Amino acid sequence: MKATLDSLWNSAPAATGRVFHPEQIASLPPVARRYLEHAIAPGTRLASAVRLRMHGEIKLKRWLPFSAEQVIRSDGAMMWKATVRMFGLPIRGFDRLIDGEGAMHWKLFGLIPFMSASGADVTRSVTGRVAAESVWLPSAMCADDTSWAPRDADHVQARITLARLVTEVDLGVADDGRLKSIALQRWGNPQGAEFHNAAFGGSADQERTFDGYTIPTRLRIGWYFGSVRFESEGEFFRVSVDSAIFR
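Right, here's the structure in full:
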């Protein structure tokens, strides 16, 4: 059966009877505990998936507006379905990671092929993206296969396993537990270069609480995060999350 956003959402396992309690993460580094205790209210059911609606701008040589819907599951499956407007014309398509394979398919007017890509490099790149976007599904970071290592008083590293690949994501966390930044080495080909690991990430400027989960709702994302190249050429994604539902 062809995967769709609805089928990915509807086939996600229902949230288990497990609920979040701070004592469950007592053994984690202090910054990780601070982050998760802020992100998940005590007594909240540990969700297996989140469905997001969002809008913003994406840079394809120039900044273009987009609207999108996304499903992220704790098993690593993801689909981001969007409409981008270029000179008023709609480009529709999706990025996805399903059954451990990444792909991107985009069409002008939803009919004329605009861009398609798949294969090992795309899978590795999309896996890094999903690991970074786990901050929109904090319950996934409570999984047994996620390990944590302290970096300093304000940063912690989460080692996340998806599609048999391990991604190390550094989270910057404020004193109150609010997420400030995301950083990782992500496989990709910025500026059309050969695929390689490059600095990737961004800053979180706002947050909201949905169904017991407090997640970042305005972010600036791109390549070369943490260097001057982020501002001048790396940033390519500015997003505001409008709604989130968990299951």
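Residues 182 to 428 in my numbering are what the sequence shown spells out, letter by letter.
Glycine is no exception: its CB is placed at the ideal position from the N, C-alpha and C atoms.
Note that the coordinates shown come from a computational prediction; the quantities given were computed from them, not determined experimentally.
| query | result |
| --- | --- |
| Smallest Cα separation from residue 288: which of 279, 277 and 273? | 273 |
| For the structure I just gave you, are there three or more beta carbon pairs, one from the stretch 222-236 and one from the stretch 250-266, closer than 8 angstroms? | yes |
| Could you tell me the distance, in whole angstroms, from the CA atom of residue 191 to the CA atom of residue 227? | 17 angstroms |
| Which runs of the beta strand (DSSP E) spanning at least 3 residues fall entirely within the stretch 275-352, listed in chain order? | 282-289, 293-299, 328-333 and 336-343 |
| Report yes if the CB atom of residue 222 is closer than 8 angstroms to the CB atom of residue 393, and no otherwise. | yes |
| Go ahead and label residue 401 buried or exposed: buried means 16 or more other beta carbons lie within 10 angstroms of its beta carbon, across all protein chains shown. | buried |
| Going along the chain, which residues of its own chain have a beta-carbon closer than 6 angstroms to the beta-carbon of residue 426, five neighbours each way excluded? | 232 |
| Any idea what DSSP makes of residue 182, helix, strand or coil? | Residue placement at residue 182 is poorly supported in this model, since its pLDDT is 48, which falls under 50; the coordinates are not used for a value here. |
| Pop quiz: residue 285 and residue 296 are said to be a contact at Cβ under 8 angstroms. What is the actual Cβ separation, rounded to whole angstroms? | 7 angstroms |
| Enumerate in chain order the residues of its own chain whose CB-to-CB distance from residue 271 is below 8 angstroms, with the five nearest sequence positions on each side excluded. | 264, 265, 289, 290 and 291 |
| Does residue 222 come out as helix, strand or coil in the three-state DSSP assignment? | coil |
| Quick one: what's got a C-beta closer than 7 angstroms to residue 351's C-beta in the same chain, skipping five residues either side? | 332, 336, 338, 364 and 365 |
| First and last residue of the beta strand (DSSP E) that includes residue 370? | Unbroken run through residue 370: none, as it is neither H nor E. |
| Should residue 182 be labelled buried (16 or more other beta-carbon atoms within 10 Å of its own) or exposed? | Its pLDDT being 48, under 50, residue 182 is placed unreliably by the model, and the measurement read from it follows with that caveat. With fewer than 16 other Cβ atoms within 10 Å, it is exposed. |
| From what residue to what residue does the beta strand (DSSP E) around residue 397 run? | 394-404 |
| Is the stretch 348-362 touching the stretch 210-222 in the sense that three or more CB pairs, one from each, lie closer than 8 angstroms? | yes |
| Out of 184, 269 and 327, which one is the CA nearest neighbour of residue 210? | 327 |
| Assign residue 422 to buried or exposed, taking buried as 16 or more other Cβ atoms, counted over all protein chains shown, within 10 Å of its Cβ. | buried |
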